[in-house]
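Inspection log for the structure reproduced underneath, given as structure tokens.
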Amino acid sequence: MIDRRLLTNIDWVLAGLVVAICLLGILNIYSATTPYKIVGLAYYIKQFYWMLVGITISLAVCSLDYHILEDLSYWFYGFLILLLLAVLVFGRRSMGATRWLNIGFFNVQPSELMKIVIIVTFSRFFNNFQSVGGLTVKDVLIPLGLLALPAVLIVKQPDLGTATLVILIALSMTIYVGLRWTTIVTFACVTIPMAWIGWAFVFRPYQKNRVLDFLNPERSRLGSGYHIIQSKIAVGSGGLTGKGFVRGTQSQLRFLPEQHTDFAFSVFAEEWGFIGCLLLIAIYFMLVLWGLNIAHRCNDRFGGLLAVGVTAMIFWHTVINMGMVIGMFPVVGVPLPFFSYGGTSMITSMVGIGLLQNISMRRFMF
695 MIDRRLLTNI DWVLAGLVVA ICLLGILNIY SATTPYKIVG LAYYIKQFYW MLVGITISLA
755 VCSLDYHILE DLSYWFYGFL ILLLLAVLVF GRRSMGATRW LNIGFFNVQP SELMKIVIIV
815 TFSRFFNNFQ SVGGLTVKDV LIPLGLLALP AVLIVKQPDL GTATLVILIA LSMTIYVGLR
875 WTTIVTFACV TIPMAWIGWA FVFRPYQKNR VLDFLNPERS RLGSGYHIIQ SKIAVGSGGL
935 TGKGFVRGTQ SQLRFLPEQH TDFAFSVFAE EWGFIGCLLL IAIYFMLVLW GLNIAHRCND
995 RFGGLLAVGV TAMIFWHTVI NMGMVIGMFP VVGVPLPFFS YGGTSMITSM VGIGLLQNIS
1055 MRRFMF
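Heads up: the sequence shown at position 13 corresponds to 707 in our numbering, and the numbers run straight through without jumps.
Next comes the structure, spelled out in structure tokens:
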């Protein structure tokens, strides 16, 4: 099952881009957590360990034939649905949300794993489904059902950020396959009343506040709008070249909330300025382009769909997080992949990179 010859065909461009982002993230976490009183291992050391674990898992993923996933995709999907249901019943509650499931030795967040599973599930469906002239409304009913079930369960936790990402990933893959204009218009007409229903009956008060704060952060400067105001101050104060490493006032004086996780980019922007931000954005841009290049070079449709899905996951994570910290999007708690502190995010992202490596290397085998 494992072909060691594949290791001679490692995509070093992909690996180099990911490691570069990880190392920049570890440096940034060191700076962001300098003011903290930490008991035990420092956050940047933990992040380094998570990077090593993620790389190990990525190597394991890329050593297995990704075509196996096609046969197991629906089983994975069903298992994750059961875990999402279990979270609502037995999950660990933290900060007003129930997102974690204790399985003995560690806690698992099924909603994070669903990002990968929805990619595999949609890849199998569209690989076995052919449509001439683009997908009709009838054609997308089944994938829409496959998407709606986990999305609703994730929103119930509540975790609007992860649910949004799962939807955007699935939507990106569907657009890649191709939609008819009539399908696009139909769903646009359906989305508007559904959004109103969601706002009126589904969104919780704090979720509505995030949207309202996005439209007008000044409405609650010391309350729900505090995050975005402090983040914009940090980003703007960085100027052209930044204040220097470990010299950002917003982070060192701890005005920034969640400055080593969701708002890690704010710390980086304050310390390295516009030029540093351009460099980081350029690396992410190259990573996305390289992922699309892997999809283009793939020898089979299933692998190409997988590559597009993983690339979409990285792209939307990056766009939403960076847009969130500069006030372009509401605050939804989405980490910056490979950069923000967090083991679950690192592992999920590395699994995606393992799939990209797998697809890239196996094009030499067929």
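No residue lacks a Cβ here, since even glycine has one placed at the ideal position from N, Cα and C. A quick note: this is a predicted structure, and the numbers were derived from the prediction, not measured.
Per the C-alpha coordinates, the member of Thr1005, Leu865, Tyr978, Ala976 positioned closest to His990 is Thr1005.
Rounded to whole angstroms, the separation of the alpha carbons of Pro1029 and Arg1057 is 32 Å.
When secondary structure is reduced to three states using DSSP, Thr1012 falls in the helix class.
Here Cys883 is exposed. Its C-beta has fewer than 16 other C-beta atoms within 10 Å. For Leu840, the enclosing alpha helix (DSSP H) begins and ends at 835 to 849. As computed with DSSP, Trp794 is found in a beta bridge with Arg786. Separation of Ile869 and Thr1042 (C-alpha to C-alpha, rounded to the nearest whole angstrom) is 23 Å.
In the three-state DSSP reduction, Asn801 falls in the strand class (E or B). Within 10 angstroms of the beta-carbon of Lys937 lie 16 or more other beta-carbons, which makes it buried.
Taking Gly719 as reference, the option from Leu986, Ile1047, Gly970 with the minimal CA-CA separation is Gly970.
DSSP, reduced to helix, strand and coil, places Leu934 outside both helices and strands of the structure shown, so it counts as coil. Remark: three or more beta-carbon pairs, one from each stretch, lie closer than 8 Å, so the segment 814 to 832 and the segment 984 to 1004 are flagged as touching.
Three or more beta-carbon pairs separated by less than 8 Å link the segment 950 to 959 to the segment 919 to 939, which places the two stretches in contact.
Cβ neighbours of Gly985 within its own chain (closer than 7 Å, five residues either side excluded): Ala1001, Val1004, Thr1005, Ile1008, Leu1050. In this structure the segment 844 to 853 lies against the segment 770 to 785, because at least three pairs of beta carbons, one per stretch, are closer than 8 Å. Non-local beta-carbon contacts of Trp769 in its own chain, meaning distances under 6 Å to residues more than five positions away in sequence, are absent.
Judged by their CB atoms, Ile891 and Leu711 are not nearer to each other than the 8 Å cut-off. For Leu829, DSSP records a beta bridge to Leu873. In this structure, the beta-carbon distance from Cys992 to Ile1047 does not fall below 8 Å. Taking the CA atoms as reference points, Leu763 sits about 23 Å from Thr702. The DSSP-derived three-state label of Leu758 is strand. The DSSP-derived three-state label of His954 is coil. Phe823 counts as exposed, since fewer than 16 other C-beta atoms from the protein chains shown sit within 10 angstroms of its C-beta.
Exclusion of the five residues before and after Thr1038 leaves Gln803, Glu806 as the residues of its chain whose Cβ lies within less than 7 Å of its Cβ. Excluding its 5 nearest sequence neighbours in each direction, Asn801 has C-beta neighbours in its own chain below 8 Å: Arg786, Trp794, Leu795, listed in chain order. Taking every protein chain shown into account, the CB of Met888 has fewer than 16 other CB atoms within 10 angstroms, so this residue is exposed.
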